[in-house]
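*Asks:* If you scroll down you'll find the structure; I have some questions about it.
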Amino acid sequence: MITLLISDLHLEEQRPDITRAFVHFLAGRARTAGALYILGDFFEAWIGDDAMTPFQASIAQALRELSDSGTAIYLMHGNRDFMLGQGFCRAAGCSLLADPTRVELGGEPVLLMHGDSLCTRDEAYMRLRRYLRHPLTLFILRNLPRRTREKLARKLRKESSTQTRMKAADIVDVTPEEVPRLMQEFGVRTLIHGHTHRPAVHRLQINGEPARRIVLGDWDKQGWALQVDDQGFQLAAFDFVPADSAAP
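Dropping the structure here:
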């Protein structure tokens with residue numbers, strides 16, 4: 001049975017190439033999988049299930065068609081779409097995962113994360129993350145007028161982009177010491193996450209035992225997917241289909 005894992009698509013109407021590639025992925029390759037995991041930042045922004053746009057509803061429908069075909073779909077929050085809730089999941093036929101979540105893949109326990117919580121050296125972001133994810137903050141945000149939420153989302157995205165450019169690369173990347181600590185806590189030798197947009201397979205040693213951290217790639221000029229099957233864990237990029245040949 002094939003399992004596919006993707007993250008960081010940042011879907012938005014302004015990037016029809018990514019949307020087209022994703023819909024093609026769902027109608028083609030994903031139909032061969034028993035499960036599809038989407039590890040956060042699926043959308044560029046999400047201000048609440050009650051504010052779902054026609055574009056976002058079309059993505060939910062595409063996921064629902066895959067779910068109805070027999071592929072189980074699991075979705076995890078990212079730092080851009082942490083307000084995504086059960087309303088979207090019901091429409092899309094998917095299950096919302098906690099971050100982190102321990103699952104069985106390829107016959108072994110694996111820890112799945114979005115990855116932003118591993119960037120502990122970015123203290124300003126970690127403080128903001130704790131504030132935004134607090135249940136009281138989420139309650140307030142979900143009850144703000146839609147226009148206010150839209151303005152706040154634009155402001156946060158702009159500030160995030162500016163601050164990321166200003167910070168040193170090691171500050172916005174994963175804290176190396178946090179990785180083995182968390183893997184030991186959950187009793188795994190494989191960690192899979194996205195967020196950093198730096199796809200790679202990092203080989204580690206934890207208590208003298210081999211381990212690995214697999215970083216999923218973002219979808220921009222090309223797509224990325226991790227496939228788990230009887231051949232093991234295979235991380236690879238793929239080209240987007242041209243607009244005139246989008247049908248699988």
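Taken in order, the sequence shown gives residues 1 to 248; the numbers are from full-length UniProt numbering.
Note that CB positions come from ideal geometry on N, CA and C, so glycine has one too.
CA-CA distance, W224 and T137?
*Replies:* One-based indexing of the sequence shown puts residue 224 at position 224. One-based indexing of the sequence shown puts residue 137 at position 137. C-alpha separation (whole angstroms): 33 Å.
*Asks:* Rounding to the nearest angstrom, what Cα-Cα distance links P248 and W46 in this structure?
*Replies:* Translated into positions along the sequence shown, residue 248 becomes position 248. Translated into positions along the sequence shown, residue 46 becomes position 46. Only weak support exists for where P248 lies, its pLDDT of 46 falling under 50; the value from the coordinates is given anyway. Approximately 28 Å, taken between the alpha carbons.
*Asks:* Whose C-beta lies closer than 6 Å to the C-beta of D229 among residues of the same chain, with five residues either side of it excluded?
*Replies:* To locate residue 229, count along the sequence shown from 1; it is residue 229. Result list for D229: I2, in chain order.
*Asks:* With a threshold of 6 Å on Cβ separation, who are the neighbours of N79 within its own chain once the five nearest residues in sequence on each side are excluded?
*Replies:* Counting from 1 along the sequence shown, the entry for residue 79 is found at position 79. Same-chain partners within the cutoff: D116.
*Asks:* Are the CB atoms of T190 and V110 nearer to each other than 9 Å?
*Replies:* Start at 1 with the first residue of the sequence shown, and residue 190 comes out as number 190. Start at 1 with the first residue of the sequence shown, and residue 110 comes out as number 110. Yes.
*Asks:* Taking the C-alpha atoms as reference points, what is the distance between M76 and G87?
*Replies:* As a first step, residue 76 is located in the sequence shown; it is residue number 76 there, counting from the start. As a first step, residue 87 is located in the sequence shown; it is residue number 87 there, counting from the start. Cα to Cα, M76 sits roughly 14 Å from G87.
*Asks:* Between the alpha carbons of A62 and N207, how many angstroms are there, rounded?
*Replies:* Residue numbering aside, residue 62 sits at position 62 when the sequence shown is read from its first letter. Residue numbering aside, residue 207 sits at position 207 when the sequence shown is read from its first letter. For A62 and N207, the distance between alpha carbons rounds to 44 Å.
*Asks:* How is P248 classed by DSSP in three states: helix, strand or coil?
*Replies:* Residue mapping note: residue 248 aligns to position 248 of the sequence shown, counting from 1. With a pLDDT of 46 at P248, under the threshold of 50, the predicted position of this residue should be treated as unreliable, and no value is reported.
*Asks:* The alpha helix (DSSP H) with P135 in it runs from where to where?
*Replies:* Position 135 of the sequence shown, counting from 1, holds the residue named residue 135. Its alpha helix (DSSP H) spans residues 135 to 142.
*Asks:* Comparing alpha-carbon positions, which option in D220, P176, Q222, L216 lies nearest Q205?
*Replies:* As a first step, residue 205 must be located in the sequence shown, where it is residue number 205. Checking every option, the nearest Cα to that of Q205 belongs to P176.
*Asks:* Report the rounded CA-to-CA distance for L128 versus D218, giving the unit in angstroms.
*Replies:* Numbered from its first residue, the sequence shown carries residue 128 at position 128. Numbered from its first residue, the sequence shown carries residue 218 at position 218. For L128 and D218, the distance between alpha carbons rounds to 23 Å.
*Asks:* Which residue from I38, A211, H134, R147 puts its Cα closest to that of L97?
*Replies:* Taking the sequence shown and counting its residues from 1, one reaches residue 97 at position 97. Checking every option, the nearest Cα to that of L97 belongs to I38.
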